[in-house]
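Basically our numbering = 1-based index in the sequence shown + 1. What follows is a short report on a single structure.
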Amino acid sequence: MESIEAGTLAGIGSFRCDSCGFLVNLSGDDALPTCPGCGGEEYSRASLFSGAQPEPRPWPSDEPENDSWLDELREELTEPGQYVVYHAPGEDRAICLALSSEWTRIGRSLAADIRFDDPTVSRRHALIIRQPDGVRVLDDRSLNGVFVNGEPVEWSVLGDGDEILVGCHSLRFLDVVAVKGSAEPNAGSRSRITA
């Protein structure tokens, strides 16, 4: 296939980096970016029928090595519950979304509950599913995959503090059983918060 250089208006579709295989999705008048996976400049149009597909590459987290920001955020929470925390482009502070429905959609689509307008994110990238037996993340047939704590997953049970990588965006799952100033949790419930 013919290679296309970064910065080119290549049209709508999916394009695979010639160097590392990272996929980007373009819509409208998007130009091909420099590859977020390796910094490469050469792409080919991606096809489901063009032979073996390379393994998706995890995107390195842009969060600081220590989790002090996560501990500070926990201190600010006023209600126990399950949350997804992430940095949206252009925001100074982390966004903390309380998981209140059974399904939370993550993707590039306007219908997504957590939306990233980014070519490394598929329109329907991932789902976070809350059920009585736990919270799971599910890859919703994305091109670049979903990673939990650096491991590629099709689905995975989430634990407190787990990192979810969607395209080049890092999200954290919080399972807060008790908050400062609230009553102690029931004897039967388990807290996963570590000091």
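Idealized CB from N, CA, C, for every residue including glycine.
Over the uninterrupted beta strand (DSSP E) stretch that includes residue i, give me the two end residues.
{"i": "ASP140", "result": "135 to 140"}
{"i": "ILE165", "result": "164 to 167"}
{"i": "GLY14", "result": "14 to 18"}
{"i": "VAL178", "result": "That residue, VAL178, is in no beta strand (DSSP E); it is neither H nor E in DSSP."}
{"i": "GLY82", "result": "82 to 87"}
{"i": "VAL25", "result": "24 to 27"}
Does DSSP put residue i in a helix, in a strand, or in coil?
{"i": "SER110", "result": "coil"}
{"i": "GLU42", "result": "coil"}
{"i": "LEU74", "result": "helix"}
{"i": "SER69", "result": "helix"}
{"i": "LEU128", "result": "strand"}
{"i": "GLU152", "result": "strand"}
{"i": "ALA32", "result": "coil"}
{"i": "LEU100", "result": "coil"}
{"i": "LEU172", "result": "strand"}
With distances taken between CB atoms, is the gap from residue i to residue j smaller than 8 Å?
{"i": "THR121", "j": "ASN150", "result": "no"}
{"i": "TYR84", "j": "LEU100", "result": "yes"}
{"i": "SER15", "j": "CYS36", "result": "no"}
{"i": "LEU98", "j": "ILE115", "result": "yes"}
{"i": "ARG142", "j": "TRP156", "result": "no"}
Determine the direct distance from the alpha carbon of residue j to that of residue i, and round the result to whole angstroms.
{"i": "SER123", "j": "ARG106", "result": "11 Å"}
{"i": "CYS169", "j": "ARG94", "result": "18 Å"}
{"i": "LEU33", "j": "PRO90", "result": "19 Å"}
{"i": "ARG17", "j": "ASP31", "result": "15 Å"}
{"i": "GLN132", "j": "GLU103", "result": "7 Å"}
{"i": "VAL25", "j": "PRO81", "result": "37 Å"}
{"i": "ASP1", "j": "ALA127", "result": "Outside the displayed range of the chain (2 to 196) lies residue 1, so it cannot be described from this structure."}
{"i": "ILE13", "j": "SER28", "result": "5 Å"}
{"i": "ASP161", "j": "LEU175", "result": "5 Å"}
Assuming the contact rule is C-beta atoms closer than 8 Å, residue i and residue j should be a hit. Round their C-beta distance to whole Å, please.
{"i": "TYR87", "j": "LEU159", "result": "At roughly 14 Å, the Cβ-Cβ gap does not stay under 8 Å, so TYR87 and LEU159 are not in contact."}
{"i": "ASP118", "j": "ARG125", "result": "Not confirmed; about 14 Å, so no contact."}
{"i": "VAL147", "j": "ILE129", "result": "About 10 Å; that fails the 8 Å criterion."}
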